[in-house]
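Undergrad: Got a structure for you, written out below as structure tokens; questions coming shortly.
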Amino acid sequence: MEMIERYVYAVTQLLPQSQREDIAKELRSLIEDMLDERVQDGKVTEKDVEEVLLELGEPRKLANKYRGTNRYLIGPELFDHYVMVLKIALIASSAVMGVSFIIGIILDPPSILQTFISFIISLVTGLPMAFGWTTFAFAVIQFAGNTHLKKKELQPKRSWKPSDLPPVPHPKGRVKRGEAITGIVFYIICIAVFVFSSEYFGVWFFENGKFKEVIPFFNEEYYGYYLLFILLIFGFGIIKECLKMVYGRWTMQLVLFTAVVNIISIIGLIFVIAEPAVWNPNFMTQLVESGQLVPHSDAFKTIGIIWEQATLWLLILFLFALVWDIIDGFIRVRKSR
Numbered sequence: 077m078e079m080i081e082r083y084v085y086a087v088t089q090l091l092p093q094s095q096r097e098d099i100a101k102e103l104r105s106l107i108e109d110m111l112d113e114r115v116q117d118g119k120v121t122e123k124d125v126e127e128v129l130l131e132l133g134e135p136r137k138l139a140n141k142y143r144g145t146n147r148y149l150i151g152p153e154l155f156d157h158y159v160m161v162l163k164i165a166l167i168a169s170s171a172v173m174g175v176s177f178i179i180g181i182i183l184d185p186p187s188i189l190q191t192f193i194s195f196i197i198s199l200v201t202g203l204p205m206a207f208g209w210t211t212f213a214f215a216v217i218q219f220a221g222n223t224h225l226k227k228k229e230l231q232p233k234r235s236w237k238p239s240d241l242p243p244v245p246h247p248k249g250r251v252k253r254g255e256a257i258t259g260i261v262f263y264i265i266c267i268a269v270f271v272f273s274s275e276y277f278g279v280w281f282f283e284n285g286k287f288k289e290v291i292p293f294f295n296e297e298y299y300g301y302y303l304l305f306i307l308l309i310f311g312f313g314i315i316k317e318c319l320k321m322v323y324g325r326w327t328m329q330l331v332l333f334t335a336v337v338n339i340i341s342i343i344g345l346i347f348v349i350a351e352p353a354v355w356n357p358n359f360m361t362q363l364v365e366s367g368q369l370v371p372h373s374d375a376f377k378t379i380g381i382i383w384e385q386a387t388l389w390l391l392i393l394f395l396f397a398l399v400w401d402i403i404d405g406f407i408r409v410r411k412s413r
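Quick note on our numbering: the sequence shown kicks off at 77 and runs consecutively.
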């Protein structure tokens, strides 16, 4: 019956991924046994199902019994998601810093000791940052959005009835775990790269097969100032992807939150990308001084046009991605109805 499936789904969604399938089978079997015992050889009615589910109790409480332990660092409903995302954040951050360390050794072997020291410093500062951003994201979800999060199934009730169970979401309206994880990894990698590997953003030059220099895209004098806005944009992105994972399905509340976060991100992007001070004002001059370009040549003019239009196209690309994220969520909500 649909009521049984709704109950099983509501319970298993509050359990770790590795336990869901086994507990779903066990719970269905338990409900069937309770119904058989109640009706004997009679026909099972909706009332019988409702009474059995009332006897089992609210999904949240039953899930806590299956869970076996109470963990309240973030909250029992979010803790398993939090641990998984935290592992992803730490691994992704370590990987980015490790790659940066390897690149540094390859480009400048004589400075291996200095590169290693920088790597250790990056780990000491970067891993706590990953931990902090992840914890902050789930703290926002837990405390600021708890009254809306997952609607009624996550809210304590004075009395619970099987009719309160939300319907099992349509496959088209579900948020795939892999999509949310990919988004989280992307934002974490971006944060790690912008914080610890910004010196590699630029045009690389080699001389006689050896690394010579990098002409940076960013204005190093003002980069630290704008880095704060960049981190906030990516931080809100992490919160958004964490919410998708916790919700497990597209709802209008999730679409609205995504819209708010993306609008804030768009404003931040316009402020950062469209600001001339964030870009290297001597980029073209440094290309000429490096001997790679001749002033007033066709190549010089072409690269100059690309450099001037890069800001516009970057802004268009990011705007399209953020707007499409909102539209895609709205479409999925409509299709799942």
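Cβ coordinates follow ideal geometry from the N, Cα and C atoms, glycine included.
#1: Would you report the Cα separation of Ile382 and Gln93, rounded to the nearest angstrom?
#2: Kindly indicate the opening and closing residues of the alpha helix (DSSP H) around Lys163.
#3: Tell me whether Gly278 sits in a helix, a strand or coil according to DSSP, three-state version.
#4: Measuring alpha carbon to alpha carbon, tell me which residue in Arg410, Thr361, Pro357 and Arg325 is nearest Glu439.
#5: Please report the distance separating the alpha-carbon of Lys228 from that of Lys137.
#6: Looking at Leu166: is its Cβ nearer than 8 Å to the Cβ of Leu203?
#7: With 16 as the cutoff for other CB atoms within 10 Å, does Pro243 come out buried or exposed?
#8: By Cβ distance, which residues of its chain are closer than 8 Å to Ile402, with the 5 residues on each side in sequence left out?
#9: With a threshold of 6 Å on Cβ separation, who are the neighbours of Asn222 within its own chain once the five nearest residues in sequence on each side are excluded?
#10: Throw me the rounded Cβ distance for the Ile267 and Phe312 pair, which I believe falls under 8 Å.
#11: Tell me whether Lys119 sits in a helix, a strand or coil according to DSSP, three-state version.
#12: Determine the direct distance from the alpha carbon of Trp280 to that of Val87, and round the result to whole angstroms.
#13: Just to check my reading of the structure: Phe294 and Trp355 have Cβ atoms closer than 8 Å, yes? What is that Cβ distance to the nearest angstrom?
TA: This is what the structure holds:
#1: As a working mapping, residue 382 is identified with position 306 in the sequence shown. As a working mapping, residue 93 is identified with position 17 in the sequence shown. Ile382 and Gln93: Cα-Cα distance of roughly 47 Å.
#2: Reading the sequence shown from its first residue, position 87 is the one you call residue 163. That run of the alpha helix (DSSP H) goes Phe155 to Leu183.
#3: As a first step, residue 278 is located in the sequence shown; it is residue number 202 there, counting from the start. Of the three classes helix, strand and coil, the one that applies to Gly278 here is strand, per DSSP.
#4: Residue 439 is absent from the structure shown; the chain starts at 77 and stops at 413.
#5: Here residue 228 refers to the residue found at position 152 of the sequence shown. Here residue 137 refers to the residue found at position 61 of the sequence shown. Note that Lys228 scores 44 on pLDDT, short of 50, meaning its location in the model is unreliable and no value can be drawn from it.
#6: Start at 1 with the first residue of the sequence shown, and residue 166 comes out as number 90. Start at 1 with the first residue of the sequence shown, and residue 203 comes out as number 127. Yes; because the gap between Cβ atoms is below 8 Å, this pair is in contact.
#7: The residue labelled residue 243 in the question sits at position 167 within the sequence shown. Exposed is the call here.
#8: If you number the sequence shown from 1, residue 402 lands on position 326. The residues are Val331, Thr334, Ala335 and Asn338.
#9: Counting from 1 along the sequence shown, the entry for residue 222 is found at position 146. Any reading at Asn222 needs caution, since the residue's pLDDT is 48, under 50, leaving its predicted position unreliable; the model's value is listed next. Counting only Cβ-Cβ distances below 6 Å, and skipping sequence neighbours, we find nothing.
#10: Residue numbering aside, residue 267 sits at position 191 when the sequence shown is read from its first letter. Residue numbering aside, residue 312 sits at position 236 when the sequence shown is read from its first letter. No, Ile267 and Phe312 are not in contact; Cβ-Cβ is about 12 Å, not under 8 Å.
#11: As a working note, residue 119 is residue 43 in the sequence shown. Lys119 falls in the coil class under three-state DSSP.
#12: Taking the sequence shown and counting its residues from 1, the one referred to as residue 87 is at position 11. Taking the sequence shown and counting its residues from 1, the one referred to as residue 280 is at position 204. Going from the Cα of Val87 to the Cα of Trp280 covers about 54 Å.
#13: Here residue 294 is taken as the residue at index 218 of the sequence shown, counted from 1. Here residue 355 is taken as the residue at index 279 of the sequence shown, counted from 1. Rounded, the Cβ-Cβ distance is 7 Å, consistent with contact.
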